[in-house]
Amino acid sequence: MAFSERVSRLKSSLIREILAAAQRPEVMSFAGGLPAEAMLPKVEWQEMPRSMGQYGMSEGEPALREALAAQARSLGLPCAASQVLVVSGSQQTLDLAAKLHIDVGTEVMLEAPTYLAALQIFQLFGADCITVPLEADGPDLEQLRVRLERHRPAFIYLIPTFQNPSAVRYSEAKRDAVAALLDEFGVTLVEDEPYRELTFDGASATPIVSRLKKASWIYTGTVSKTLLPGLRVGYLIASPDLFPHLLRLKQSADLHTNRIGQWQALQWIGTEQYRRHLSELRDFYRERRDGFQAALQRHFSDLADWNVPQGGLFFWLTLKQPLDTRTLLAAALAADVAFMPGEPFFPDPDKHPGHLRLNFSHIDPARLDEGLKRLAGVVREALAAEAA
Numbered sequence: 105m106a107f108s109e110r111v112s113r114l115k116s117s118l119i120r121e122i123l124a125a126a127q128r129p130e131v132m133s134f135a136g137g138l139p140a141e142a143m144l145p146k147v148e149w150q151e152m153p154r155s156m157g158q159y160g161m162s163e164g165e166p167a168l169r170e171a172l173a174a175q176a177r178s179l180g181l182p183c184a185a186s187q188v189l190v191v192s193g194s195q196q197t198l199d200l201a202a203k204l205h206i207d208v209g210t211e212v213m214l215e216a217p218t219y220l221a222a223l224q225i226f227q228l229f230g231a232d233c234i235t236v237p238l239e240a241d242g243p244d245l246e247q248l249r250v251r252l253e254r255h256r257p258a259f260i261y262l263i264p265t266f267q268n269p270s271a272v273r274y275s276e277a278k279r280d281a282v283a284a285l286l287d288e289f290g291v292t293l294v295e296d297e298p299y300r301e302l303t304f305d306g307a308s309a310t311p312i313v314s315r316l317k318k319a320s321w322i323y324t325g326t327v328s329k330t331l332l333p334g335l336r337v338g339y340l341i342a343s344p345d346l347f348p349h350l351l352r353l354k355q356s357a358d359l360h361t362n363r364i365g366q367w368q369a370l371q372w373i374g375t376e377q378y379r380r381h382l383s384e385l386r387d388f389y390r391e392r393r394d395g396f397q398a399a400l401q402r403h404f405s406d407l408a409d410w411n412v413p414q415g416g417l418f419f420w421l422t423l424k425q426p427l428d429t430r431t432l433l434a435a436a437l438a439a440d441v442a443f444m445p446g447e448p449f450f451p452d453p454d455k456h457p458g459h460l461r462l463n464f465s466h467i468d469p470a471r472l473d474e475g476l477k478r479l480a481g482v483v484r485e486a487l488a489a490e491a492a
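Residues in the sequence shown are numbered from 105 upward in steps of one, following this note's numbering.
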């Protein structure tokens, strides 16, 4: 078959495979980063202009770009609407960034662990993924400097606010230090913040891109975690030197993002209705986080260590006796429970056994305890078999 050489690096999405296997109603799933369906807001369509059914601008709806720019400026990010590109979910931002920067063998820098889909995209384009270990408050700065001195990555991809999968939130000091290092070495930053609004302790911090003085940057977000993932509306904001290239790449991928979804997002962004919704969302997920923490203490305290997430949608567990958690999937699904193994969140998965990412936002609280009890039982059986 006359396929491109890139196809040889194409990998299926493990999380999508797990979610497909978990479609049976009896399966208790902790696998996906799914919002709670009870918190998906009711939307109205009656006032949508008929013109929204027509072709639109590649950059996105002008009013939505203005609203997104205003929102970004409130976070300390100096930008104009002309720097905003509305994309088909923030996943498209990663695809565009990869197309802009990556040839086979291009070095890019990532957190370890990092977002699974980003890793999949960058490796598809042939990137050589250099990683920096995460600490409780952000990357190991000594290791970051060493890697920047040794390598010249095309960009660094970071998720500084409630990182997926680890739920780490960078401290103010780490954000300042990272920005200073990227300016010093002239490395482009791709900053991904899908979980910024899902903070449970009220704390916030300005994006790293707002602290840069020299380096180029791309900042990306989405309404998937706060409104409706089905809208497929995300956005990127880029430094002026990068934006024209990203726009042309967008035009080569699709003419424009879903205008109907953009119109719906515009009815919410920056409104009092949206602020109330976000407050309710935080309260709802905080309660689910607390219930999940209590159930983990009951069933996993002797098996794993973890930090209580201060935002986002995930717990990141590290087993006290490491094993390849990918080997647990079949037994877990046989017990009608699904989870996300931790190894695929690393570029070299075989070197990082013993982690689980568990989503707390979607599962019915009435099934939570039983689900974690069964999953703990699967882990215990695997550890016993390994010890035998």
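Even glycine gets a Cβ: it sits at the ideal position worked out from N, Cα and C.
Pair every Cβ in the stretch 152-160 with every Cβ in the stretch 285-299, then say whether three or more of these pairs are closer than 8 Å. no
For G137, which residues from the same chain have a beta carbon less than 6 Å from its beta carbon, with the 5 sequence-adjacent residues on both sides left out? L417 and N463
Considering only residues of the same chain and omitting the five flanking positions on each side of R390, which have a CB-CB separation below 7 Å? F304
Under three-state DSSP, which class holds S133? strand
Continuous beta strand (DSSP E) stretch holding E239: start and end: D232 to E239
If I measure Cβ to Cβ from L228 and keep anything under 8 Å in the same chain, skipping five residues before and after, which residues do I get? R110, R113, L114, K115 and A202
So, helix, strand or coil for L316, using DSSP? coil
L340 versus C233 - alpha carbon distance: 22 Å
Tell whether a beta-carbon distance below 7 Å holds between L427 and P457. yes
In three-state DSSP terms, what is P448? helix
Helix, strand or coil: how does DSSP classify A202 here? helix
Kindly indicate which three-state DSSP category L350 falls into: helix, strand or coil? helix
If I measure Cβ to Cβ from F347 and keep anything under 8 Å in the same chain, skipping five residues before and after, which residues do I get? S186, Q187 and L189
Specify the secondary structure class of H381 as computed by DSSP and reduced to three states. helix
Which whole-angstrom value describes the C-beta separation of F404 and L476, a residue pair presumed to lie in contact below a C-beta threshold of 8 Å? 7 Å
Helix, strand or coil at F388 [DSSP, three-state]: helix
Would you decide whether E490 is buried or exposed? Buried here means 16 or more other CB atoms lie within 10 Å of its CB. exposed
Return helix, strand or coil for E151, following the three-state DSSP convention. coil
Candidates M156, S343, A307 and E301: closest to T326 by CA position: E301
Range of the contiguous alpha helix (DSSP H) that encloses D280: E276 to F289
Going by CA-CA distance only, name the one from F107, F388 and A222 that's closest to Y261. A222
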